[in-house]
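There are 2 protein chains.
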Amino acid sequence: MSATIINGKAIAAELRARVAAQVPAFRDATGRAPGLAVVLVGEDAASAVYVRNKGRATREAGMESIEHRLPDTTTTAELLDLVGRLNADPAVDGILVQLPLPAAVDTQAVIEAIDPDKDVDGFHPVNAGRLATGLDGLVPCTPLGCILLLRTIHPHLAGLEAVVVGRSNIVGKPMAQLLLRESCTVTVVHSRTRDAFAHIRQADIVVAAVGIPGFVPAAAIKPGATVIDVGINRTDTGLVGDVDFAAASEVAGAITPVPGGVGPMTIACLLRNTLVAAARREGVSLDLATIDGAAA
Amino acid sequence: MSATIINGKAIAAELRARVAAQVPAFRDATGRAPGLAVVLVGEDAASAVYVRNKGRATREAGMESIEHRLPDTTTTAELLDLVGRLNADPAVDGILVQLPLPAAVDTQAVIEAIDPDKDVDGFHPVNAGRLATGLDGLVPCTPLGCILLLRTIHPHLAGLEAVVVGRSNIVGKPMAQLLLRESCTVTVVHSRTRDAFAHIRQADIVVAAVGIPGFVPAAAIKPGATVIDVGINRTDTGLVGDVDFAAASEVAGAITPVPGGVGPMTIACLLRNTLVAAARREGVSLDLATIDGAAA
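As given, the protein sequences belong to chains S and H, one line each in that order.
For the first sequence, the tail end lands on 317 under my numbering, and the numbers increase by one without skipping.
For the second sequence, the tail end lands on 317 under my numbering, and the numbers increase by one without skipping.
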């Protein structure tokens with residue numbers, strides 16, 4: 022058997038197009054484009070690439086990109102001051118502070134300083150709490166992207182057995198909340214789990230987010246399962262995921278490649294979150310089900 | 022085999038005594054006792070009993086109990102006004118609004134109006150978010166009580182297989198977060214789960230919180246497992262839990278009775294949370310591990 026390869030690049034392009042299609046109506050209603058402010062501190066090469074890509078995608082969607090580049094000597098106080106100004110700026114709907122920040126900066130203080138209603142990364146504790154209690158909020162981009170990929174295979178997720186591998190604040194834990202919201206039965210396995218593979222072997226849906234190249238072997242995957250690989254690990258042989266892709270794609274029913282799977286969805290969901298934040302701030306109504314591409 | 026019966030009443034009394042033992046030092050440091058404000062709206066008989074019991078337990082622990090009883094005609098605006106005054110009152114460390122509120126009141130607005138640092142029920146989205154992201158906050162009393170009961174049987178919870186039955190905001194979801202924080206492998210099963218018993222049968226720890234009398238049969242329990250029964254269901258034959266206690270206690274290794282298991286822990290944890298909130302507000306240090314009775 023050979024798995025369906027979930028084409029994250031194409032699915033992300035469709036999502037970006039659906040987001041972009043909403044911008045003219047927003048502009049008509051408000052007289053301005055949605056605005057995303059991205060803050061980059063220091064000279065980390067990978068971060069600089071991410072920020073450049075985010076800026077380009079923002080402009081391509083018809084939104085305004087505001088970029089702030091600060092030296093790696095920036096203090097926590099200076100960053101908090103900038104965040105405060107962006108919170109107060111009516112033209113800014115979304116604020117993204119590119120992580121990681123230099124070690125001398127109090128990252129948690131910066132995250133908590135962002136207005137939760139402009140927190141398009143969804144990392145503020147208020148948004149984590151809204152997600153945990155079933156309220157509307159802004160959801161972290163990567164796990165949201167995973168849900169949208171899953172829906173292309175499973176229009177209805179309710180009742181499916183899902184295993185999340187990893188328990189980070191950025192992926193694993195919000196992923197588990199989102200799957201639970203979709204009425205999956207959810208198990209979170211992690212470094213202290215006795216037999217992670219025994220759990221994975223029972224799962225209809227596996228989301229791997231541990232950051233260990235090839236951690237999930239084909240033998241741990243239930244035939245026909247859907248496998249979402251969040252890992253992006255740099256190795257001597259190039260970028261690889263947390264799943265042994267070549268072997269797993271002979272067992273799974275559907276699987277995301279690395280690269281070209283979850284990665285492109287993260288930026289697309291950032292644009293989607295910026296549009297959502299802008300619409301909520303301005304009281305403009307959105308048809309989220311259509312934007313997210315829910316099954317009819 | 023006959024299970025160890027987990028004596029929640031005795032364990033709660035010990036917790037209350039450890040909390041009470043900290044009050045004199047707090048009083049010496051601050052010149053006042055920790056204060057818990059309880060707000061009761063309307064004439065619900067069960068709520069009145071809860072509020073009376075909370076007031077008595079608060080005073081017995083040497084803390085100040087402030088009770089506000091309002092008619093069932095109270096509006097959301099009036100309640101928000103009261104909460105605002107309690108937030109501003111320096112003698113109030115904890116605020117508990119007894120639920121359920123009358124149908125005409127916007128319960129969510131009231132919950133979100135409470136200062137998160139005085140939210141001893143732990144229901145505010147900020148506290149849910151702190152729990153979800155591993156920050157210090159105030160944790161809902163019932164799941165916290167379950168963790169403290171579990172620790173009397175398992176001084177170290179890491180690596181144990183835990184199944185939470187139910188996904189409410191008040192018990193199931195925060196319970197799953199707390200078990201994950203303790204490094205258990207956590208599965209949440211619920212009404213849409215295909216085969217909840219298959220999951221429960223694998224679990225070292227079962228926390229049942231569905232509100233269905235006897236939902237978990239003995240046949241679904243792994244021999245030797247620890248079973249925490251959060252259910253308190255009124256039936257013709259009296260109060261019963263979500264677990265078939267008589268039969269399950271022949272299979273489980275340890276089990277909580279209903280009543281006398283989780284119930285008494287909830288009020289004890291409310292006092293514990295009030296002390297924690299008071300100490301944080303006043304900058305008084307506490308040895309939480311000792312108060313919570315952690316294994317040496």
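C-beta: ideal position from N, C-alpha, C; glycine also.
Runs of the alpha helix (DSSP H) lying entirely within the region 193-265 of chain S and spanning at least 4 residues, in chain order: 193-202, 217-221. Within a 10 Å sphere around the beta-carbon of residue 86/S sit 16 or more other beta-carbons, which makes this residue buried. Shown here, residue 94/H sits in coil according to DSSP, grouped into three states, outside any helix or strand. The residue from 219/H, 249/H, 238/H, 214/H with its alpha-carbon nearest to that of residue 230/H is 249/H. Contact annotation: in the region 265-287 of chain H, no residue has its CB less than 7 angstroms from a CB in chain S. When C-beta distances to chain H are compared with 9 angstroms, the residues of the region 145-157 of chain S below that value are 145, 146, 147, 148, 149, 150, 151, 152, 153, 154, 155, 156, in chain order. If you ignore the 5 residues before and after residue 59/S, its C-beta comes within less than 6 angstroms of the C-beta of 72, 75, 88, 117, all in its own chain and listed in chain order.
Taken atom to atom, the span from the alpha-carbon of residue 306/H to that of residue 105/H is near 27 angstroms. Taking all protein chains in view, the Cβ of residue 212/S is surrounded by fewer than 16 other Cβ atoms within 10 Å, so the residue is classified as exposed. Within the region 121-184 of chain H, there are no complete beta strand (DSSP E) runs of at least 3 residues. Taking 9 angstroms as the cut-off, the Cβ atoms of residue 184/S and residue 228/S count as close. When DSSP reads this structure, residue 88/S sits in a beta bridge with 59/S.
Around the CB of residue 23/H, fewer than 16 other CB atoms lie within 10 Å, so the residue is classed as exposed. Taking C-alpha positions only, residue 146/H is separated from residue 136/S by approximately 15 angstroms. In the three-state reduction of the DSSP assignment, residue 79/H falls in the helix class, which pools H, G and I. Residue 274/S is not a Cβ neighbour of residue 132/S, given a cutoff of 9 angstroms.
Closer than 9 angstroms to the CB of residue 106/H there is not a single CB belonging to chain S. Residues are counted here when their Cβ sits less than 9 angstroms from a Cβ of chain H; for the region 197-225 of chain S these are 197, 198, 201, 204, 205, 206, 207, 208, 209, 210, 211, 212, 213, 214, 215, 216, 217, 219, 220, 223, given in chain order. If the five residues before and after residue 95/S are omitted, its C-beta is found closer than 6 angstroms to the C-beta atoms of 62, all from its own chain and listed in chain order.
Counting only Cβ-Cβ distances below 7 angstroms, residue 188/H has contacts in chain S at 201, in chain order.
With 16 or more other CB atoms across the displayed protein chains lying within 10 angstroms of its CB, residue 161/H is buried.
By the C-beta density criterion, residue 311/S is exposed, having fewer than 16 other C-beta atoms within 10 angstroms. Look at the region 172-187 of chain H: the residues with a C-beta under 8 angstroms from a C-beta of chain S are 179, 180, 182. In the three-state reduction of the DSSP assignment, residue 115/S falls in the strand class, which pools E and B. Listed by position along chain H, the residues whose Cβ is nearer than 9 angstroms to that of residue 194/S are 153, 154, 155, 198, 201. Straight-line spacing of the CA atoms in residue 51/S and residue 203/H works out to 48 angstroms. Proximity to residue 195/S across 80/S, 66/S, 166/S peaks at 166/S, based on C-alpha coordinates. Assigned with DSSP and collapsed to three states, residue 24/H falls in coil, not helix or strand.
For residue 276/S, the beta-bridge partners assigned by DSSP are 26/S, 248/S. Between residue 43/S and chain H, the shortest Cβ-Cβ separation is not below 9 angstroms.
Separation of the CB atoms of residue 221/S and residue 237/S is rounded to 6 angstroms, and the pair is thereby assigned contact status at 8 angstroms. Nearest to residue 139/S by alpha-carbon distance, out of 187/S, 129/S, 109/S, is 109/S.
Flagged as an interface residue toward chain S: residue 129/H, by a C-beta distance shorter than 9 angstroms.
Around the beta carbon of residue 292/S, a 10 Å sphere encloses 16 or more other beta carbons of the protein chains shown; the residue is thus reported as buried.
Here residue 309/H is exposed: its Cβ has fewer than 16 other Cβ atoms, across all protein chains shown, within 10 Å.
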